[in-house]
Structure formats: structure tokens, C-alpha cells
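Positions in the sequence shown are counted from 1; adding 12 to them yields this note's numbering.
Here the structure comes first, spelled out in C-alpha cells, and everything after it is commentary.
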Amino acid sequence: MGALCVIVRRLDPLSAWVWGLSMLLCPPLTTLLYWLTAQPSSAAATQPRRSSDTRLQRLIHSECGSAVSRQNALRPLHNADQTFCALIRDLQRARSEILIQYYILGCDRLGRAVARLLMRRARAGVRVCVLYDAIGSYSLPRRELERLRQSGIQIRAWGRLRFPLLCPQLNCRNHRKIVVVDGRIAYIGGINIATRYVDGGRHGFWRDEHLRIEGDAAAHLHELFRSDWLSAGGEELQPLPEPKQSRPSNPSHPLQIIHSAEGPTRHAHHRAIIEAICSDRHNIRISTPYLLPPPALLEAICIAARSGVEVELLIPARSDVRIAGLAAEAFVRYCVRHGVKIYRYRNGFLHSKLITIDESVAIVGSANLDYRSLCYNLEASVAIYAPALVREYNSRFYTDLALSEPVSHLQRPTISRLLAEGLARLLAPLL
Numbered sequence: 013m014g015a016l017c018v019i020v021r022r023l024d025p026l027s028a029w030v031w032g033l034s035m036l037l038c039p040p041l042t043t044l045l046y047w048l049t050a051q052p053s054s055a056a057a058t059q060p061r062r063s064s065d066t067r068l069q070r071l072i073h074s075e076c077g078s079a080v081s082r083q084n085a086l087r088p089l090h091n092a093d094q095t096f097c098a099l100i101r102d103l104q105r106a107r108s109e110i111l112i113q114y115y116i117l118g119c120d121r122l123g124r125a126v127a128r129l130l131m132r133r134a135r136a137g138v139r140v141c142v143l144y145d146a147i148g149s150y151s152l153p154r155r156e157l158e159r160l161r162q163s164g165i166q167i168r169a170w171g172r173l174r175f176p177l178l179c180p181q182l183n184c185r186n187h188r189k190i191v192v193v194d195g196r197i198a199y200i201g202g203i204n205i206a207t208r209y210v211d212g213g214r215h216g217f218w219r220d221e222h223l224r225i226e227g228d229a230a231a232h233l234h235e236l237f238r239s240d241w242l243s244a245g246g247e248e249l250q251p252l253p254e255p256k257q258s259r260p261s262n263p264s265h266p267l268q269i270i271h272s273a274e275g276p277t278r279h280a281h282h283r284a285i286i287e288a289i290c291s292d293r294h295n296i297r298i299s300t301p302y303l304l305p306p307p308a309l310l311e312a313i314c315i316a317a318r319s320g321v322e323v324e325l326l327i328p329a330r331s332d333v334r335i336a337g338l339a340a341e342a343f344v345r346y347c348v349r350h351g352v353k354i355y356r357y358r359n360g361f362l363h364s365k366l367i368t369i370d371e372s373v374a375i376v377g378s379a380n381l382d383y384r385s386l387c388y389n390l391e392a393s394v395a396i397y398a399p400a401l402v403r404e405y406n407s408r409f410y411t412d413l414a415l416s417e418p419v420s421h422l423q424r425p426t427i428s429r430l431l432a433e434g435l436a437r438l439l440a441p442l443l
């Protein structure tokens with residue numbers, strides 16, 4: 013029965029053969045693994061298109077229903093210090109509503125400070141809703157959650173697992189990091205609420221990217237939060253009154269929200285990144301903490317490099333997930349052989365998720381270049397079409413590059429090393 017499900021659902025013939033034969037040889041274990049990693053159907057969504065939009069913009073609109081939003085003021089935040097200084101200031105000024113969604117809500121020094129601020133705002137009459145991922149925040153103490161609820165904060169866990177090993181959503185996590193304040197200011201990016209994002213923990217320095225949005229795009233993130241909130245069992249959010257100044261005085265930063273979700277938009281990030289890489293371009297710059305790309309994306313990157321595009325890829329010198337770092341080495345060698353310039357960041361840990369194409373588009377958000385982010389998780393990112401901001405991101409990329417070492421030569425790995433990398437790579441969809 014499991015083999016029949018594979019034949020029906022798997023479009024890739026090789027993948028279908030591997031899963032089907034494995035189920036015949038070892039039915040219980042293979043069926044459990046397939047159940048845990050099963051992907052929902054990803055039928056194409058249909059949305060009206062604007063003829064003036066680029067192919068990337070039309071694709072994002074088709075996948076996510078997200079039109080280009082032009083009435084926005086954006087502020088890139090290049091580390092956790094900048095992010096939390098700006099975020100705390102906006103939370104303190106909130107008047108009507110605070111919506112907070114994170115993969116990791118830490119109960120450490122930073123987490124407790126943010127919790128105290130949220131409790132003060134809730135007692136002052138601000139509606140505060142907190143949504144966290146049940147797996148990412150598994151260590152969050154119940155007593156802390158109860159303390160937040162008693163102050164008037166509404167809290168929900170996305171993907172609560174009563175019987176984890178029997179739950180097909182175990183491998184699907186809500187990896188978004190979104191904050192919306194009063195429906196007009198929003199934050200999005202790769203930084204969670206945990207002290208290690210500020211002080212780096214054992215890594216010494218934590219390099220990351222976040223973004224502050226003021227303007228019309230905040231409404232899209234408000235709606236995205238609302239959808240996840242309702243999926244987690246939250247009550248319907250009442251609409252906020254239209255603010256007196258809902259738009260920035262000098263909006264000039266067009267953008268689109270890219271979000272993956274259960275159903276048709278599951279692969280939205282994957283498709284958008286491939287389209288961005290395959291468009292007419294000269295320079296591609298990528299920062300990612302985990303280099304475990306699905307085959308289609310890996311080939312798109314290498315084809316671009318072999319066709320004369322300058323492709324520069326920045327990864328950590330040392331991964332915070334050891335097995336992920338081991339699995340990435342085979343991808344590193346493959347990319348270098350095909351002309352991709354790869355650098356290892358050595359000034360701490362690189363956690364930023366950033367892609368820039370020439371000076372035309374920058375993609376920043378929560379999605380890593382790995383199977384989990386691009387094929388399973390719920391993610392949220394922003395495609396920015398403001399050349400001045402893209403140039404700023406390019407400048408930051410080259411600042412990071414100055415603190416990195418190029419992968420200039422490839423040492424022939426030993427048989428034992430190849431075996432270890434191969435076994436780790438087999439687990440790539442689960443990492």
C-alpha cells in the first residue's frame with residue numbers, strides 16, 4: 013500500500029523507485045520515514061498577472077498571491093543588536109496590537125526581557141498575540157507560558173505534537189520570524205528571540221540579517237500571521253482601525269512577500285530562487301548557513317556559473333549542526349568544480365539568508381538553502397526591488413567576504429570521509 017502511494021505521489025521516477033523498493037525490503041522503517049517526510053500536494057495556484065511585472069514578480073504573485081507592494085520604507089538590520097534595538101522601540105510604542113511569530117522563543121536573558129515588555133503592553137490594553145513553533149521552542153517552560161497568559165497575552169503553539177513519532181507534520185516546521193505592530197510596521201528575517209543571536213554563544217559572533225518594513229507590505233504579513241494563527245487554533249483577529257498615517261512619507265522601496273505554506277505554495281521559495289538565478293543576470297551572491305540544496309537548485313547554481321555568470325557563495329567555516337556541515341562538503345566540491353566561487357566565513361557563525369542578483373533584486377528572510385526550508389518548512393522572505401538597498405546588501409556581502417577564506421583547492425577526501433559525507437547527505441532532507 014505504501015509503495016502504491018509513492019508511485020502515485022512521487023513525480024521523480026528515481027525517487028519513486030528508491031522509496032518503493034525500500035518499502036518492499038523494509039516496510040515498517042521505510043513507511044515511517046516516508047510518513048515523516050511526506051510532502052503535501054503542490055498543485056499550481058492561479059492568480060492574475062500584470063504584464064509590466066518581471067518573470068520573477070509574476071512567479072511570486074502566482075505562487076503566493078503577493079503583488080508588488082510599492083508604498084514601503086525599508087530598513088535593513090545587519091545584526092541582532094540593530095534588530096532588537098529597533099524592535100523593542102516599536103514594541104514600546106505599540107498602541108493597538110502586537111503580533112509575534114518565531115520559530116525559537118528562548119527563555120533566556122533576552123527572551124525574558126522581551127516577555128516582560130510584552131506583558132507590560134498587554135496590561136496597558138494592547139492586544140498581544142504570540143505564536144511559536146512547538147518543535148523549535150520545545151524547551152519553553154510551561155510556567156513561563158502560563159505567566160504570559162495571566163498577563164492577558166494570547167499564546168498558541170504551531171504544530172503541537174501529542175504523538176510525535178506518529179505525526180506526519182514532525183518534519184514540517186513553522187520557521188517564520190514575523191512581528192507586526194499596529195498593522196503598519198513589520199519585521200521579518202532570520203533572527204529568533206534567543207540570547208545566542210546577540211552574543212554568539214560558543215561561536216563568538218553571530219552574523220545575521222533582518223528587515224524592518226513600514227508601509228503597505230505590513231498588511232500582507234499581518235494576513236500571513238492571521239492564517240498561521242487560525243491554523244494553530246487561535247481566535248479570529250478583529251480588524252484594526254485604519255491608522256492616521258498608514259504609509260511612510262517618502263515610500264520608495266518596492267517589494268514582494270514570498271511565503272511557503274501547506275498546499276500549493278509549499279515550494280514557493282524553491283521556485284522563486286531558481287527563477288531569480290535563471291533570469292538574465294551577471295552576478296549572483298548567496299549567503300547561507302546550510303548548503304544542502306535540492307537537485308534542481310544545485311543545478312541552477314552550477315549552470316549559471318558555467319554559463320559565465322559570477323556566482324559567489326558564502327557559508328560558515330564551521331556549522332552549528334555538525335552533521336549538516338559534513339553533508340555540505342560534497343555540495344561544496346561539486347559547486348567549485350562547476351565554477352562557483354565559495355568562501356568560508358571565519359568571523360564567528362554566518363546565519364544570514366541572503367541572495368542578491370546584480371543590483372536588481374535581493375531576497376532576505378528565514379529560508380536556508382536546504383531541503384527542510386525549501387521543501388518542507390513554512391518560511392517567509394522578502395524580494396526587494398530597490399537598487400539602493402540591493403547595493404547596500406552587496407556591500408555587506410563583500411564586507412563579510414573580507415572576513416572569509418576562499419575554497420581555492422580541493423583535497424581528495426579519504427574513503428572513510430567520503431562514506432561519512434555520503435551517509436550525512438542521505439539525511440539532508442531531515443536536517
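Even for Gly, the Cβ is constructed at its ideal location relative to N, Cα and C.
- Cα atoms of Glu248 and Gln113: separation of roughly 16 Å, rounded to the nearest angstrom.
- A distance below 7 Å separates the beta carbons of Ile200 and Ala392.
- Excluding sequence positions up to five before and after Leu233, its CB lies within less than 6 Å of the CB of Ile190, Val192, Ala198, all in the same chain and listed in chain order.
- Counting C-beta atoms within 10 angstroms of its own C-beta, Glu417 has fewer than 16 neighbours from the protein chains shown and is therefore classed as exposed.
- Contact between Leu86 and Leu386 is absent: CB atoms are separated by about 24 Å, not below the 8 Å threshold.
- Around the Cβ of Ser407, a 10 Å sphere holds fewer than 16 other Cβ atoms; the residue is exposed.
- Around the C-beta of Arg124, fewer than 16 other C-beta atoms lie within 10 Å, and the residue is accordingly described as exposed.
- Counting along the chain, Asp211 sits inside the alpha helix (DSSP H) bounded by residues 208–211.
- Ranked by Cα distance from Ala317, the first of Asp292, Pro328, Ser299, Gly351 is Gly351.
- Taking 3 residues as the minimum length, the beta strand (DSSP E) runs contained wholly in the region 334–396 are 353–357, 366–369, 373–377, 392–396, in order along the chain.
- By the CB criterion at 7 Å, Ile167 and Ala134 fall outside the cutoff.
- In the DSSP assignment, Tyr115 falls outside any alpha helix (DSSP H) and carries neither an H nor an E.
- In the DSSP assignment, Gln268 forms a beta bridge with Ala395.
- If you draw a straight line from the Cα of Ala329 to the Cα of Arg219, it is about 12 Å long.
- Here Glu324 is near Arg297, since their CB atoms are less than 7 Å apart.
- In the three-state scheme derived from DSSP, where H, G and I count as helix and E and B as strand, Glu311 is classed as helix.
- At the C-beta level, Thr95 and Ile269 stay beyond 7 Å of one another.
- Rounded to whole angstroms, Val126 and Ser364 show a C-alpha spacing of 22 Å.
- By the beta-carbon neighbour count (other beta carbons within 10 angstroms, threshold 16), Glu158 is exposed.
- Residue burial annotation: Ala136 is exposed, with fewer than 16 other C-beta atoms found within 10 angstroms of its C-beta.
- In this structure, Ala308 and Cys76 do not form a Cβ contact; the two beta carbons are roughly 19 Å apart against a cut-off of 8 Å.
- Taking the Cα positions, Ala288 is about 21 Å away from Val344.
- Look at Gln423 here: in three-state DSSP terms it is coil, with no helix or strand label.
- Residues of the same chain with a CB within less than 7 Å of the CB of Thr368, apart from the 5 flanking positions on each side, are Arg297, Ala374, Val402, Tyr405, Asn406, Phe409 in chain order.
- Boundaries for Arg172: no beta strand (DSSP E) harbours it, and the DSSP string shows neither H nor E there.
- Around Ser264, the same chain offers Ala398 as residues with beta carbons nearer than 7 Å, after the five sequence neighbours per side are excluded.
- For Thr66, the closest alpha carbon among the candidates Ile116, Ile396, Ser163, Ile147 is that of Ile396.
- DSSP places Asp93 in the uninterrupted alpha helix (DSSP H) bounded by 92–105.
- Ranked by Cα distance from Arg293, the first of Ala379, Leu111, Asn359, Val321 is Val321.
- The alpha-carbon separation between Leu99 and Val142 amounts to approximately 15 Å.
- The Cβ atoms of Leu326 and Ser299 lie closer than 7 Å to each other.
- Here Ser74 is buried. Its C-beta has 16 or more other C-beta atoms within 10 Å.
- Rounded to whole angstroms, the Cβ separation of Ser163 and Leu117 is 15 Å, and the two are not in contact under 8 Å.
- Within the same chain, Cβ atoms closer than 7 Å to the Cβ of Trp241 are found at Cys141, Leu143, Arg168, Leu249, the five residues on either side in sequence being excluded.
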